[in-house]
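Participant:
Numbering (the numbering used here), first residue to last: 25 to 327.
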């Protein structure tokens, strides 16, 4: 495993536009990408630029092209891309330098596993007046570290609402952060799924690392069309996924046995288009915006 090789694609873009890219990457828009991180602390890093390192399987010849196609599709023309190879061990050590503890909501905070039990964690906990709920994460080669608006709004929603005894579906679970937060808030059972095997492994490991009993969750590899997903009943679906996924799987999502759908990963400007898709079956009870992204709390209409 230590000798596993990845293609490393380094992306340099204007810092003010980085928030347009990170939620898309977190939601798996580049299907072959196995992970990424944003360089937050590095000597010589310009304050007006953002540098991201993206990882693809060795031998995948379209890595650079996939990224450039994404950038062009969202109107980017100011970017620099470089490509090289890196082994897994070097990647794993490098990304740890760029993740610090992060407060997400009144009670929730992300603590990278390597800071657990350290003075840095103690300093971080001191920010919380009471009721601190740690989310210990090792993102590994998965997505969802809580560092952009779509994830933060979701965690804030979970923190502010009752999940006691509920069954939850975490769609596109990434690192498992949403399932973990819901279980920490008292959810009875969480099912998560992701098309990326690295995300599935990371979610399972993160839930166990946080003391969640194995009989309280299941993480599946695949998408909305998994038979296990379609056959179960959920109290709440947490879907931090992009608009194109909602468009593609609208009929399946609409047909699930669930009365509440909480959505992020949709741009504020796409809200009306989203509601045209789901408005016949769902009523929006709550809306929140952050950095141009929206969270919608949808309740199924009674007919």
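All C-beta atoms in this analysis are idealised placements derived from N, C-alpha and C, irrespective of residue type, glycine included.
Just so you know, these numbers come straight off a predicted model, no measurement behind them.
Which of helix, strand or coil does DSSP assign to residue 76?
Facilitator: In the structure shown, residue 76 sits in a strand (DSSP, three-state: E or B).
Participant: For my contact list, residue 128 and residue 135 are in at a C-beta cut-off of 8 Å; report their separation, rounded to the angstrom.
Facilitator: The pair is not a contact, with the Cβ atoms about 11 Å apart (cut-off 8 Å).
Participant: Quick check: the Cα distance between residue 316 and residue 248, rounded to an integer number of angstroms?
Facilitator: Their backbone Cα atoms lie some 26 Å apart in a straight line.
Participant: So, with DSSP's three-state summary, where would you put residue 125?
Facilitator: Three-state DSSP puts residue 125 in coil, outside helix and strand.
Participant: Tell me the DSSP secondary structure of residue 255 in three-state form.
Facilitator: Note: residue 255 maps to helix in three-state DSSP.
Participant: Given 8 Å as the limit, is there contact between the stretch 237–257 and the stretch 287–294, that is, 3 or more CB pairs closer than that?
Facilitator: The answer is no - the stretch 287–294 does not touch the stretch 237–257, with fewer than three Cβ pairs under 8 Å.
Participant: Have a look at 42, 206 and 55 and flag the residue whose alpha-carbon is nearest the alpha-carbon of residue 73.
Facilitator: When only C-alpha atoms are compared, the closest one is 42.
Participant: Report the partner residues of residue 323 according to the DSSP bridge assignment.
Facilitator: Paired residues: 284 and 307.
Participant: Compare the C-alpha of residue 312 against each of 181, 225 and 251 and name the closest.
Facilitator: The option with the nearest alpha carbon to residue 312 is 181.
Participant: Please work out which residues of its chain come closer than 7 Å, Cβ to Cβ, to residue 252, disregarding the five sequence neighbours upstream and downstream, and give them in chain order.
Facilitator: Closer than 7 Å at the Cβ level, and outside the excluded window around residue 252, lie 244.
Participant: Going by the CB atoms, is the gap between residue 203 and residue 231 shorter than 8 Å?
Facilitator: Cβ atoms of residue 231 and residue 203: closer than 8 Å.
Participant: Helix, strand or coil: how does DSSP classify residue 154 here?
Facilitator: Looking at residue 154 - three-state DSSP - the assignment turns out to be coil, as it is neither helix nor strand.
Participant: Which runs of the beta strand (DSSP E) spanning at least 3 residues fall entirely within the stretch 180–223, listed in chain order?
Facilitator: As far as the stretch 180–223 is concerned, its whole beta strand (DSSP E) runs of at least 3 residues are 191–195 and 213–218.
Participant: Which residue from 299, 314 and 318 puts its Cα closest to that of residue 324?
Facilitator: Residue 299 is the option with its Cα nearest to residue 324.
Participant: Would you call the stretch 174–192 in contact with the stretch 147–154, where contact means no fewer than 3 C-beta pairs closer than 8 Å?
Facilitator: At 8 Å Cβ cutoff, the stretches do not touch.
Participant: Considering Cα atoms alone, identify which of 40, 255, 157 and 30 is closest to residue 60.
Facilitator: Nearest option by C-alpha distance: 30.
Participant: Since residue 91 contacts residue 35 with CB under 8 Å, what's their CB separation in whole angstroms?
Facilitator: Contact holds; Cβ gap of about 6 Å.
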